[in-house]
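What follows is one structure encoded as structure tokens, with my remarks underneath.
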Amino acid sequence: MMSAPTRHPMIEAYLDDLRQAAARLPRSQRAELVAEIAAHVEAGLPSAPTDAEVRNLLDDLGHPDDIVEAAAGPAPSPGAAGAPDWLPLVLGVAGLATMPLPFLGLPLGIAAIVTGVMARRRARSLGHPRGMATAGLILGISAVVLPVAVFLSLFGVSTGGVSEGGEVIDVEVEQFDQLDQGGADFDLDAEPDGLPSDPDSSQLPGPDDR
Amino acid sequence: MNANGGGRLLDAQLRRGALEYCVLALLAEQERYGFELVRTLGAIDGLVTSEGTIYPLLSRLKKTGHVTTTWRDSEEGPPRKYYAITEQGEDVLAAFRLEWRRFRNAVDELVEAGDR
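Sequence order for the protein chains is P and L.
The working numbering puts the first sequence at residues 1 to 210.
The working numbering puts the second sequence at residues 211 to 326.
Right under this line is the structure:
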């Protein structure tokens, strides 16, 4: 993103705060919001503004938290009700351990998948790391997929070989990611993390009428 | 952080709900770029507390198809994003106008009667 080299340090600090507060927004929405506010500041100040001019403009804009709240709704409180972070991981391990007993292993695996998706969504909205939830999700998928693969191979149906198991899981996690994003944001413009994000992607044709 | 009581909360919601239509009404007059629109609204007493919150509102209105945006070159500085109302936005605004009049009259009648 282009930035004027002579930007006032107070503006720089304000935009940094805004970027941080906006971490819980989907990438494209965050980029658009920051760009709009930066353009506003640029349009509202002379080329060499005084501190007072900058302060007045930023005061009128309001606190970055308020702006982000207007974009995303109230921040989820960190202590809000929710399963503990480690739950998907424990369920996934239990699901794998009880794999020889499908009536135990399959439900545990499914529970690990469900809680894993929910934990990832929650961690994402809070800006927390998602590693533990992802690990639980992957273990849960393994606990469901492996017995099914073994079952199919035992009964002579070709599954494409066990060596592809890793890829299958990768693909499934990606799909959960997309599901994750859609569900968490109700945002038609949401892009999965890791794709190049285009600040103007909101202009893509899409089902805009809600 | 949000320890405000019910009264202030309702106030904020009323204001926020009305703001959307104030934006549409301003754009029904003519298209405007973000800064101009935000400054016009911010100058109206008691309507907007944080001008920055108007930008998320604009982005929402665009998503719902009530406004469109166009980039235009500006003589001073970088190109500007202009907002214009759509036909759908005009319809929504017209419907709001009718409802708002009824609402305003009803509230006026009650509130003013208690003042007498």
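The beta-carbon is built from N, C-alpha and C at its ideal position, and this holds for glycine as well.
For clarity, every value in this text was computed on a predicted model and none was experimentally measured.
- Cβ neighbours of valine 34 (chain P) within its own chain (closer than 7 angstroms, five residues either side excluded): Leu15, Leu18, Arg19 and Ala22.
- Counting along the chain, the unbroken alpha helix (DSSP H) around tryptophan 310 (chain L) starts and ends at 297-325.
- Per DSSP, reduced to three states, the secondary structure at alanine 21 (chain P) is helical.
- Using a Cβ-Cβ distance cut-off of 8 angstroms, the stretch 83-97 of chain P and the stretch 136-153 of chain P are in contact, since at least three pairs of beta carbons, one from each stretch, lie closer than that value.
- Comparing alpha carbon positions, the residue from P:Gly156, P:Gly105, P:Pro129 and P:Val117 closest to proline 147 (chain P) is P:Gly105.
- Contact between the stretch 291-307 of chain L and the stretch 228-246 of chain L is present: 3 or more CB-CB pairs across the two stretches fall below 8 angstroms.
- In this structure, the straight-line span from the alpha carbon of arginine 307 (chain L) to that of arginine 27 (chain P) is close to 36 angstroms.
- Remark: three or more beta-carbon pairs, one from each stretch, lie closer than 8 angstroms, so the stretch 251-270 of chain L and the stretch 55-63 of chain P are flagged as touching.
- Only residues of its own chain outside the window of five on either side were considered, and among them Leu229, Cys232, Val233, Leu236, Leu257, Val258, Glu261 and Ile264 have a CB closer than 8 angstroms to the CB of leucine 251 (chain L), listed in chain order.
- Rounded to the nearest whole angstrom, the CA to CA distance from valine 145 (chain P) to glycine 156 (chain P) is 17 angstroms.
- Considering only beta carbons, the part of the stretch 19-36 of chain P lying closer than 8 angstroms to chain L consists of Gln29, Glu32, Leu33 and Glu36, in chain order.
- For arginine 282 (chain L), the enclosing beta strand (DSSP E) begins and ends at 277-282.
- For serine 260 (chain L), there is no enclosing alpha helix (DSSP H), as DSSP marks it with neither H nor E.
- Residue state for arginine 242 (chain L) is assigned as strand, using DSSP reduced to three classes.
- Nearest to proline 107 (chain P) by C-alpha distance, out of P:Arg55, P:Ala94 and P:Ile11, is P:Ala94.
- Residue burial annotation: arginine 282 (chain L) is exposed, with fewer than 16 other C-beta atoms found within 10 angstroms of its C-beta.
- According to DSSP, arginine 290 (chain L) shares a beta bridge with L:Arg282.
- The Cβ atoms of alanine 72 (chain P) and arginine 24 (chain P) sit closer than 8 angstroms to each other.
- Taking the Cα positions, alanine 143 (chain P) is about 52 angstroms away from methionine 10 (chain P).
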